[in-house]
Amino acid sequence: MTEAKWAFEVPGKLEIPYRYFAGTFSSRWFRALRDEKKILGCRCPTCRKVFVPPRGNCERCLSKIEEWVELPGTGTVESFTVVRYAEPFQPHKPPLVLAAIKLDGADSSLIHLLGGVPPDQVQVGQRVKAVFAEERKGRITDISHFAPAAEAKKKAEYKKPVVQKTRAKPQAKVKGKVKKPAAKKPVKKTAAKKQAAQKKAVKKIVRKSKRSR
Amino acid sequence: MALATKPVQELIEVQELMSIPLVFSTGPTMGRFLAEIRDHKRIWANQCPNCGRTQLPPRIVCAECNVEVTEWVELKTSGQVVVFDVVYVPTINPLTGKMREVPYTTCSIKLDGGDATLMHFLDETDPKKLRVGQRVEAVFRPDGERTGNVLDILYFHVIPD
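If you read the sequences in order, they're chains A and B.
Quick note: the first sequence uses the working numbering, first residue 8, plus one each step.
Quick note: the second sequence uses the working numbering, first residue 109, plus one each step.
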């Protein structure tokens, strides 16, 4: 057995370069962040859900999303966690507050940093507002953090979009007593009548062919 | 025609270098091998008491007979090439995060004094000047710069015939 005194530690590191491509759809979202200081959401054409961060296809019904919605930048804390250890890749020194923020007008939540509030005073349901970085590069860090908003709670309440149904059923109910199915009854054809109709059609074709000769 | 009228959109791309600090614990067996290179510029292998084969880099157990290896032998820093590879495809070096300079030669070297082979780099990149059985000698990093890494041996220098 080799003696344990020989063991020692060698310092090392792993450097991994990587590239992230936002793609044709999500690039629009990052451009709006950088150039206009706006948080956009994308709305599914079928189930009308609004997603932030955006995605090209709806996660529920898989339909293609093309509609963009502008969001006010305010939201509510849905859930949060406090990071108390330091790692070199973290943007700030601990403690950090990471929160899932449901933006007004959105149906999904965005995970981001919470600032301007002590970690022990963060609450679920707290109103927050996006604070943009002064120098923006087209990244998620263009939103510096979310800070508590002092505004009234009901002010920014979101109105759900009215779902348009393809069939106009309510109209039939208004008329009430009129029975539409009764009018449809005569449409039914018996087998004998169908045969007669076919014979007529054949005769017409024969006549037409005679004329053309 | 639709393509011509469509406005050109800027596509967003993020380039980052993920840097992960780590520590490699050598353990006693690998530790002795690396410490001898670091402190004395010597290459030591361990020898199986059962079959007598030497292992490089040394391992606690003999890979052939599953016996715990306790004996140590010093090998010479010169040897001969068993197999070599000239690499022309650049790959990312995880120690620096940059592309490796090409071409470079990796080889398996059988050191004098034992039958163990060690994988390392050669300083010759022309495959016409290399052959199996070529004599090579280890070139160490200068004193004071060796840290216990296997790259304390910089490369093996090819001795011309």
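Note that beta-carbon positions come from the ideal geometry of N, C-alpha and C, so glycine has one too.
Using 10 angstroms around the beta-carbon of residue i, count the other beta-carbons present and answer buried if the total reaches 16, otherwise exposed.
i      : result
B/C159 : exposed
B/T178 : exposed
A/A11  : exposed
A/T53  : exposed
B/I128 : exposed
A/I23  : exposed
Between residue i and the rest of its own chain, which residues show a CB-CB distance below 6 Å, the 5 nearest in sequence each way excluded?
i      : result
A/D114 : K56 and V57
B/R254 : R146 and D260
A/K162 : Because A/K162 carries a pLDDT of 44, less than 50, the predicted location of this residue cannot be relied on, and the following value inherits that uncertainty. Once the five neighbours on either side are set aside, A/K162 has no close Cβ partner at all.
B/K206 : none
B/A143 : none
Taking the C-alpha atoms as reference points, what is the distance between residue i and residue j?
i      : j      : result
B/D260 : B/R249 : 5 Å
A/C51  : A/L105 : 27 Å
B/W180 : A/A93  : 43 Å
A/K71  : A/N64  : 5 Å
B/V122 : A/L103 : 24 Å
A/V124 : A/A140 : 18 Å
Over the uninterrupted beta strand (DSSP E) stretch that includes residue i, give me the two end residues.
i      : result
B/L219 : Y212 to L219
A/D149 : Run containing A/D149: none; DSSP gives neither H nor E here.
A/G19  : E16 to F28
A/E77  : E74 to L78
B/V244 : R243 to F248
B/C173 : From DSSP, B/C173 is part of no beta strand (DSSP E); its letter is neither H nor E.
B/F192 : S186 to V195
Using C-beta distances below 7 Å, list every residue in its chain close to residue i, excluding the 5 sequence neighbours before and after it, in chain order.
i      : result
A/A137 : I46, G80, I150 and F153
B/K184 : L219, D220 and G221
B/G187 : I217, K218, L219, D220 and V244
Could you spell out the range, first to last residue, of the alpha helix (DSSP H) harbouring residue i?
i      : result
A/G123 : That residue, A/G123, is in no alpha helix (DSSP H); it is neither H nor E in DSSP.
A/A137 : First-last for A/A137: R134 to F139, but that is the beta strand (DSSP E), not the alpha helix (DSSP H).
B/G139 : G135 to H148
Between residue i and the ligand NAP, is there a pair consisting of the residue's CB and a ligand heavy atom that are separated by less than 7 Å?
i      : result
A/A157 : By its list of ligands, the structure shown contains no ligand whatsoever, and the ligand NAP lies outside what it can speak to.
Residues in the same chain with beta-carbon distance under 8 Å from residue i, minus the five sequence neighbours each way, listed in chain order, please.
i      : result
A/R26  : none
A/E164 : Residue confidence for A/E164 is low, a pLDDT of 47 falling below 50, so the modelled location carries little weight; the figure read from the coordinates is stated next. Excluding positions up to five away in sequence, the list reads D111.
- Message: Under 9 Å, CB to CB, which of the residues in the stretch 211 to 229 of chain B have a partner in chain A?
- Response: Answer in chain order: no residues at all.
- Query: Which residues, taken in chain order from the stretch 250 to 266 of chain B, show a beta carbon closer than 8 Å to some beta carbon of chain A?
  - Reply: Residues passing the 8 Å Cβ filter: T255, G256 and N257.
- Of the residues that make up the stretch 9 to 20 of chain A, which ones have a beta carbon closer than 9 Å to any beta carbon in chain B? Listed in sequence order: T9, E10, A11, K12, W13, A14, F15, E16, V17, P18, G19 and K20.
- Task: Identify each residue in the stretch 111 to 137 of chain B for which the Cβ-Cβ distance to at least one residue of chain A is less than 7 Å, and report them in chain order.
- Result: Result list: Q117, E118, L119, I120, E121, V122, Q123, E124, L125, M126, S127, I128, P129, L130, V131, F132, S133, T134, G135, P136 and T137.
- Query: Going along the chain, which residues of the stretch 176 to 206 of chain B sit with their C-beta nearer than 9 Å to a C-beta in chain A?
  - Reply: From the stretch 176 to 206 of chain B, only E176, V177, T178, W180, I200, N201, P202, L203, T204, G205 and K206 have a Cβ closer than 9 Å to chain A.
- Query: Going along the chain, which residues of the stretch 150 to 166 of chain B sit with their C-beta nearer than 9 Å to a C-beta in chain A?
  - Reply: Per Cβ criterion, the list reads N154 and P166.
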